[in-house]
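In terms of the numbering used here, the sequence shown opens at residue 1 and continues consecutively.
Each residue gets a CB set at the ideal place from its N, CA and C atoms; glycine is no exception.
Since the model is a prediction, treat every value here as computed from it, not as a measurement.
Working notes, structure below.
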Amino acid sequence: MRCPKCNANLKQVEVEVHGAKSRATSYQCVKCDYFEFEPTSSQKIIEELRESPLKIKQKVVKLSQDRLGIYFNSNIIRSLGIKKGEEIYVSVPDKKHILIELEN
Ligand SMILES: [Zn+2]
C-alpha cells in the first residue's frame, strides 16, 4: 500500500485501544504524518467498546426444586474472564439488587 499524500510506503501497525481487547490495524506513512485505520478492525473495536458497560436482560431459570438460576452469557464471561469452578460471592444489598463479586 502507498501513501495517498506522498506515495511512500504505508507501514501496518497494530494499535492498542484503551478498554478494548482486540487491536485496531492502522496504516502509517513512513515519510509523512498520514495515518488511517483499517475499517474492519476499527469497526470491531467500536462494537467491543459498545458492549463494555453491560446491562443484559435475562430470564431467571428453574434449576431444581426451589432453586433458581441465571446464565452468564458469553459477553459476561468474556468481560470478566470468569471460568467454571471459580468461586464468587453473592450478596443482596437490598430488594432490587444482587451483587456478584469475583474472588480475584
Ligand atoms: Zn506519506
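The C-beta distance from I46 to S22 rounds to 11 angstroms, too long to fall under 8 angstroms, and the pair is not in contact.
Listed as beta-bridge partners of V13 by DSSP are S26. Distance from the CA atom of I98 to the CA atom of E86, rounded to whole angstroms, is 18 angstroms. When distances are taken from the beta-carbon of K31 to the heavy atoms of ligand 1, the shortest one is below 7 angstroms. Cβ atoms of S26 and V13 come within 8 angstroms of each other, at about 5 angstroms. Spanning the alpha carbons of I100 and V90 requires a straight line of approximately 5 angstroms. Comparing alpha carbon positions, the residue from Q43, I77, P39 and T40 closest to I56 is I77.
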